[in-house]
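Quick notes on the structure that follows.
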């Protein structure tokens, strides 16, 4: 295989990405466990679920987030860097036409906020947002 | 935290049939996460609101399970479709067994 500069760069970038994945703290697997519990191991699609979170949160005690997933039955929100990854689960009734809700959450440090939606047809959708936290919101 | 809990809800008083309205709710609660420690290093026990339900004329609009990662004074904003005049019924469930309720009427023309 002939290695062009472009290919080499691409390979380098992907291996760096893999390495940084490997060095994520153990909390990440806790969040993965919770995802598996919610989905039962089903495949996760993307696109129909929208998660709105700020890029930078000055105060980790109140980070405004919004989930919106037309056609979803329920949406669970996880924070993979918190001591307990679960944040909230929204179950939508028929009258909530847009299937959206917003709230304020606590984040202990810079991390990913993950939302998983269970759709009416039984499939699952995922959305992720990285939030940089200046002051963590767990106290202690 | 049974004292000083005050639910506040914002619902429009009037609407047209089939319209989607935005509801905002806030309840004053310290939402002690169970992660913090006091001055002596003892863990402060968890005390949060663990569930919030909003119904309209007996039909569910939203049912939220709250975890300790929800901020102090839990705030929710969501949409609701109002097919007819009626009453919204909001309920919060505290860890200590208390239930806080509030109702709002809406007139649909």
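Chains as they are written, first to last, in my numbering: chain F, -10 to 129; chain A, 29 to 137. Ideal Cβ placement from N, Cα and C applies to all residues, glycine included.
Roughly how many whole angstroms lie between the Cα atoms of residue 93 of chain A and residue 77 of chain A?
9 Å
Same chain, Cβ closer than 6 Å to residue 31 of chain F, neighbours up to 5 away in sequence not counted
Counting only Cβ-Cβ distances below 6 Å, and skipping sequence neighbours, we find 113.
What are the complete beta strand (DSSP E) segments, minimum 3 residues, inside the segment 59 to 126 of chain A?
Scanning the segment 59 to 126 of chain A from its first residue to its last, the whole beta strand (DSSP E) runs of 3-plus residues come out as 77 to 84, 87 to 94, 103 to 110, 114 to 122.
Mind checking which residues open and close the beta strand (DSSP E) that includes residue 117 of chain F?
Segment 113 to 124, the beta strand (DSSP E) holding residue 117 of chain F.
Quick check: residue 42 of chain F and residue 118 of chain F, are their CB atoms within less than 7 Å of each other?
Yes, the pair counts as a contact, with Cβ atoms nearer than the cut-off.
Distance CB(residue 26 of chain F)-CB(residue 70 of chain F) smaller than 7 Å:
In this structure, the beta-carbon distance from residue 26 of chain F to residue 70 of chain F does not fall below 7 Å.
Does residue 123 of chain F come within less than 7 Å of chain A when only Cβ atoms are used?
The beta-carbon of residue 123 of chain F is placed no less than 7 Å from the nearest beta-carbon of chain A.
In whole angstroms, give me the CA-to-CA distance for residue 28 of chain F and residue 102 of chain F.
17 Å
Which two residues bound the contiguous beta strand (DSSP E) that contains residue 38 of chain A?
Counting along the chain, the beta strand (DSSP E) containing residue 38 of chain A begins and ends at 35 to 38.
What does DSSP give as the partner residue(s) for residue 53 of chain F in the beta ladder?
For residue 53 of chain F, which the question treats as bridged, DSSP gives the partners F:93.
So with Cβ pairs under 7 Å, would you call residue 78 of chain F a contact of chain A?
yes
Any non-hydrogen atom of the ligand FAD closer than 6 Å to residue 95 of chain A Cβ:
The ligand FAD is absent from the structure shown, which contains no ligand whatsoever.
Taking buried to mean at least 16 other C-beta atoms within 10 Å of its own C-beta, is residue 85 of chain F buried or exposed?
buried
Can you tell me whether DSSP reads residue 21 of chain F as helix, strand or coil?
helix
Can you give me the start and stop residues for the beta strand (DSSP E) that residue 76 of chain F sits inside?
75 to 81
Among F:63, F:67, F:92, F:34, nearest to residue 21 of chain F - alpha-carbon criterion
For residue 21 of chain F, the nearest C-alpha among the options comes from F:67.
Note down the Cα distance separating residue 87 of chain F from residue 124 of chain A, rounded to an integer number of angstroms.
Computed Cα separation, rounded: 33 Å.
When you compare the CB of residue 81 of chain A with every CB in chain F, is at least one pair closer than 7 Å?
no
At a Cβ threshold of 7 Å, is residue 148 of chain F touching chain A?
Because residue 148 of chain F is not part of the residues shown, which for chain F are -10 to 129, the question remains open.
Chain-ordered chain A contacts of residue 94 of chain F [CB-CB under 8 Å]:
97, 98, 99
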